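Peer 1:
4 protein chains.
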Amino acid sequence: MSTAAPKPLTRRAERTRAKLVTAARKVFEKHGVLETRIVDIAKEAGVAVGSFYTYFESKDELLREVAASLYGELIPPLPPDVGLDPRARIEAGNRAYVSAYQKNARILTLVQHQTLSDATLRGLYEEARAAFIARVERSIRRLQREGLTPKDVSARLAAHMLAGMVHEFCYTAFGFESLRFDPEEAISALTTLWTRALALKPEKKKSKP
Amino acid sequence: MSTAAPKPLTRRAERTRAKLVTAARKVFEKHGVLETRIVDIAKEAGVAVGSFYTYFESKDELLREVAASLYGELIPPLPPDVGLDPRARIEAGNRAYVSAYQKNARILTLVQHQTLSDATLRGLYEEARAAFIARVERSIRRLQREGLTPKDVSARLAAHMLAGMVHEFCYTAFGFESLRFDPEEAISALTTLWTRALALKPEKKKSKP
Amino acid sequence: MSTAAPKPLTRRAERTRAKLVTAARKVFEKHGVLETRIVDIAKEAGVAVGSFYTYFESKDELLREVAASLYGELIPPLPPDVGLDPRARIEAGNRAYVSAYQKNARILTLVQHQTLSDATLRGLYEEARAAFIARVERSIRRLQREGLTPKDVSARLAAHMLAGMVHEFCYTAFGFESLRFDPEEAISALTTLWTRALALKPEKKKSKP
Amino acid sequence: MSTAAPKPLTRRAERTRAKLVTAARKVFEKHGVLETRIVDIAKEAGVAVGSFYTYFESKDELLREVAASLYGELIPPLPPDVGLDPRARIEAGNRAYVSAYQKNARILTLVQHQTLSDATLRGLYEEARAAFIARVERSIRRLQREGLTPKDVSARLAAHMLAGMVHEFCYTAFGFESLRFDPEEAISALTTLWTRALALKPEKKKSKP
DNA sequence: GATGAATGAGAATTCATTCAT
DNA sequence: TATGAATGAATTCTCATTCAT
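Residue numbers (the numbering used here), protein chains in the order written: chain Y, 1 to 209; chain X, 1001 to 1209; chain B, 2001 to 2209; chain R, 3001 to 3209.
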């Protein structure tokens, strides 16, 4: 919303910038965001500290960029294949989320933490979260329209809560050493709970008399 | 479980220490944990910086104390009255959690965030969390034993996920400006989703004379 | 020169004061003067910090007291028995110094070090040193008068240098781990070098009529 | 003997580093080592405090560097001209030591004093001292071999003691206001005492057929 | 554009000394 | 006198950011 000047970078500049982002992600992941000093990022990227400021105004700005890309990966465009029955769609969504989270669990958690001290960052997170929830909400609303799920719980609330359940599960399961689960079992459980929570009726067979 | 000497404090010491804890909680809440400097706490407590170090080794140590008391409040001993039907019990639990969270929402969130950079603190959180989940798990297991809920999802997983749903809902609903809900509606929704997720059968009537 | 009021202390006060001096010496020796905090002394003495200030104005003042007593021990009144021949007297002096130093080597060294930052303390040291040297000087002067040692080196300079040799030897031999010597051999060597340095002629036999 | 990377400094860095060392030496000398704060050194060097930490980890590290260079100056490579008779050689050695000490008397004393609280520093001093003594010892051993001095005192002990005499004399003569001597007279006295202590026989004339 | 040295505003921590009890 | 909590000046060290080369 404010990314300002598009500024076409030269080839070299592009490369340096990219090196910095990659390096930052690596170092953040290894040592934590707060613990990471600009020097560390620069060193990892193999450039001078000064160069950092050629591309970013501050550590926070860089962090935001990293966060944006992470959140992008978290909620993949959407399950591309249609026609699946509700439970299958839900499972696909859960599986996608869990896998994506797992892949970047540590850094996701770390970034999440900066959320509090940086309003912009929080905005980014809320945005990503909202996008995910919106999709869920839309899906629930459709089910309600089709009479497959009751309307006693508002689609918005339900979406919030169910999406939250999945997110929180990932956060703790991947963030705390002590909570390890078999991913498949977890996905299945999440899906079952979710499906039942919506009191999903078996899809009306469109078919065969 | 504790290190060395408990050292009984004099009346005056006791008072100063308490002033510091109270002040810390207030200042943490107002400005954030990271942003709070020892001086701020001391000033708020109306004592000299040095006095801080008479009672605490570092900000972290004090934070841990604050956290412990917060987590204590979060999961109240348990609903004392029995004989409630499952849905009522679930609702009671949810209501308790939501209210407790709401009361200290901001500082809870802030403390939570320090969880990543301080292992001891994280331990405290995991412990509190585990206690809550354990209660839920026990309750689910009982329902399973009584044949009121299916066993296709392990009690442990279900407990994790449902407790997580509630927690995460509180975290976001109270933590993000943009997500405001009517508490009663939320509690009711959480309870409905939870109950349905467990596919709770209406309690077998013990009755019929 | 300024010890001010004699102030007769009560029995109890006397005891507390003594406890502090003893404690200080012990703690200084164990941890070094600079490293020792008033609390340490008080704790070791089993009294409250505040009590320290009842008897001493500062750590320095206490240190001076400790130093004075140490220096007192270093140069014992003098070898009481007369009539010894010069070499024997010299040996006696050296032996006394070496033994006295050895007994309190560590703390002597530590105290010595404070000498630079505390003029009063330095005064004390110089005084003690001067006393020792004065004795040596007197002794050399007598030998010169008796024609037993040449006058080409002034008694004052010689006293300084020879006394210094002994002192420095003790300082390094007892202060550095790496320089250990057999005390007897050392005393003998010191005495030989000293005697020869003075080109001592065998005492003129008073005898033979 | 050194830790890790020597890192070749840029011209500018080199200059800043040197400024710091020079400044430190000056400030240490003026106010004492302990009394000197990092800010003082930085101010004297005309750089920011932060720059201090670009080159040194702590005051102690810098002090070690200063000490090393001082000790280096104290024991000059060695009197280059040979063929001197023993007494002349001894006198040359003493003169060199006294002059070198005198030139940096104050700071040498100050540095010496830090020796106790910093083991590394002490190591440096012991090393320098050992080098000086070793030279003396070698020289005495040669004299013993040539039959010019008796073997009743071991070369090692004698070296320790005589070198100590000279050192201690410098330490007190230049360190204490009250002990001023005419340098020439002192050097002569030291040499005489030293020579006699070794009972040096006049060199056998190589001459006369 | 790149470099890396220089900057200096903070923040934590210590401990001699005071003083109310 | 004894106690020990309270005080706060003093110092060290860090690291984001600037800027001369």
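All C-beta atoms, glycine included, are put in the ideal place defined by N, C-alpha and C. Computed from a predicted model, the values in this text were never measured in an experiment.
Where N1029 of chain X and R106 of chain Y are concerned, what is the direct C-alpha to C-alpha distance, given to the nearest angstrom?
Peer 2: Here residue 1029 of chain X is Glu; the residue named in the question, Asn, does not match the sequence. Roughly 27 Å separates the two Cα atoms.
Peer 1: Could you tell me whether the Cβ atoms of T2149 of chain B and L2190 of chain B are closer together than 7 Å?
Peer 2: The answer is no: Cβ separation not under 7 Å.
Peer 1: Can you confirm whether the region 154-169 of chain Y touches the region 1128-1143 of chain X when touching is taken to mean that 3 or more C-beta pairs between the two stretches lie within less than 8 Å?
Peer 2: Output reads no: the region 154-169 of chain Y does not touch the region 1128-1143 of chain X.
Peer 1: By the 10 Å Cβ neighbour count, where 16 or more other Cβ atoms means buried, how is T3172 of chain R classified, buried or exposed?
Peer 2: Result: buried.
Peer 1: Taking C-beta pairs closer than 7 Å, name the residues in chain Y that G1164 of chain X reaches, listed in chain order.
Peer 2: Residues of chain Y passing the Cβ test: M165, E168, F169, T172.
Peer 1: Taking any Cβ of chain B, which residues in the region 3117-3140 of chain R have a Cβ under 7 Å from it, in chain order?
Peer 2: Listed by position along the chain: S3117, E3126.
Peer 1: Run through DSSP, which three-state label would I1090 of chain X get?
Peer 2: Three-state result, I1090 of chain X: helix.
Peer 1: Applying the criterion that 16 or more other CB atoms from any shown protein chain within 10 Å of the CB defines a buried residue, is L3108 of chain R buried or exposed?
Peer 2: Per the 10 Å Cβ criterion, buried.
Peer 1: With a CB to CB cut of under 7 Å and the five nearest residues on each side skipped, what residues in its chain are close to F3174 of chain R?
Peer 2: Result list for F3174 of chain R: Y3101, Q3102, A3105, in chain order.
Peer 1: For K59 of chain Y, which three-state DSSP category applies?
Peer 2: DSSP places K59 of chain Y in helix when its eight states are reduced to three.
Peer 1: Is it right to say P2086 of chain B is buried, meaning 16 or more other beta carbons lie within 10 angstroms of its own, or is it exposed?
Peer 2: So P2086 of chain B counts as buried.
Peer 1: Any beta carbon from chain B within less than 7 Å of R2995 of chain R's own beta carbon?
Peer 2: This structure gives no information on residue 2995 of chain R, because the portion of chain R shown stretches from 3001 to 3209.
Peer 1: Tell me whether R3180 of chain R is buried or exposed, calling it buried when 16 or more other Cβ atoms sit within 10 Å of its Cβ.
Peer 2: By the neighbour-count rule (16 or more Cβ atoms within 10 Å), R3180 of chain R is not buried but exposed.
Peer 1: Between which two residues does the alpha helix (DSSP H) containing D1040 of chain X stretch?
Peer 2: It spans 1038-1045 - the alpha helix (DSSP H) in which D1040 of chain X sits, taken as one unbroken run.
Peer 1: With a threshold of 7 Å between beta carbons, is L3148 of chain R in contact with chain B?
Peer 2: Cβ-Cβ to chain B under 7 Å: no for L3148 of chain R.
Peer 1: With a Cβ-Cβ cutoff of 7 Å, do Y3053 of chain R and R3017 of chain R count as a contact?
Peer 2: Cβ distance not < 7 Å, so Y3053 of chain R and R3017 of chain R don't count as in contact.
Peer 1: Give me the Cα-Cα distance between R2156 of chain B and E2168 of chain B, rounded to the nearest whole angstrom.
Peer 2: Their Cα atoms are separated by approximately 18 Å.
Peer 1: Apart from the five residues just before and just after E2091 of chain B, which ones in its own chain have a Cβ nearer than 6 Å to its Cβ?
Peer 2: Around E2091 of chain B: T2191.
Peer 1: Could you please give the first and the last residue of the uninterrupted alpha helix (DSSP H) stretch that includes V111 of chain Y?
Peer 2: Element bounds for V111 of chain Y: 105-114.
Peer 1: Suppose you measure from the CA of K1059 of chain X to the CA of A2096 of chain B; what does that come to, to the nearest Å?
Peer 2: Approximately 56 Å between the Cα atoms of the pair.
Peer 1: Can you pull the chain B neighbours of L3034 of chain R, defined as C-beta to C-beta under 7 Å?
Peer 2: Under the 7 Å cutoff, chain B gives S2117.
Peer 1: Can you pull out the residues from the region 15-39 of chain Y whose beta carbon lies closer than 7 Å to at least one beta carbon of chain X?
Peer 2: Residues G32, L34.
Peer 1: Note down the Cα distance separating T195 of chain Y from E1014 of chain X, rounded to an integer number of angstroms.
Peer 2: C-alpha separation (whole angstroms): 54 Å.
Peer 1: Quick check on A3088 of chain R: buried or exposed, where buried means 16 or more other Cβ atoms within 10 Å of its Cβ?
Peer 2: By the 10 Å Cβ count, A3088 of chain R comes out exposed.
Peer 1: Among B:V2049, B:L2070, B:H2031, B:D2118, which residue has its Cα nearest to the Cα of H3031 of chain R?
Peer 2: Among B:V2049, B:L2070, B:H2031, B:D2118, the Cα nearest to that of H3031 of chain R is on B:D2118.
Peer 1: On the three-state DSSP scale, how would you describe P2150 of chain B?
Peer 2: Three-state DSSP puts P2150 of chain B in coil, outside helix and strand.
Peer 1: Which residues in chain R have a C-beta closer than 8 Å to the C-beta of D2152 of chain B? List them in chain order.
Peer 2: Correct list: T3192.
Peer 1: What in chain R is Cβ-close to T2109 of chain B, meaning under 9 Å?
Peer 2: By Cβ distance, chain R contributes L3116.
Peer 1: Can you tell me whether K2026 of chain B is helix, strand or coil according to DSSP?
Peer 2: K2026 of chain B: helix per DSSP, three-state reduction.
Peer 1: Thinking C-alpha only, which one of Y:A24, Y:E44, Y:G72, Y:D40 is nearest E61 of chain Y?
Peer 2: Measuring from the Cα of E61 of chain Y, the nearest candidate turns out to be Y:A24.
Peer 1: For A2159 of chain B, go through chain R and note every residue whose CB falls closer than 9 Å to its CB, in chain order.
Peer 2: By Cβ distance, chain R contributes nothing, its closest Cβ being about 11 Å from A2159 of chain B, past 9 Å.
Peer 1: Tell me the residue span of the alpha helix (DSSP H) that contains A2128 of chain B.
Peer 2: Per DSSP, A2128 of chain B belongs to the alpha helix (DSSP H) from 2119-2145.
Peer 1: Show which residues of chain X have a CB atom less than 9 Å away from the CB atom of F52 of chain Y.
Peer 2: Within 9 Å Cβ-Cβ: nothing; F52 of chain Y doesn't reach chain X, min ~22 Å.
Peer 1: Going along chain R in order, which residues have a C-beta closer than 8 Å to the C-beta of A2199 of chain B?
Peer 2: Chain R residues near A2199 of chain B: R3196.
Peer 1: Just the chain B side, please: which residues come within less than 8 Å of A3067 of chain R by C-beta, in chain order?
Peer 2: Simply none; closest approach about 15 Å.
Peer 1: Applying a beta-carbon distance threshold of less than 8 Å, which residues of chain X neighbour A186 of chain Y?
Peer 2: L1157, listed in chain order.
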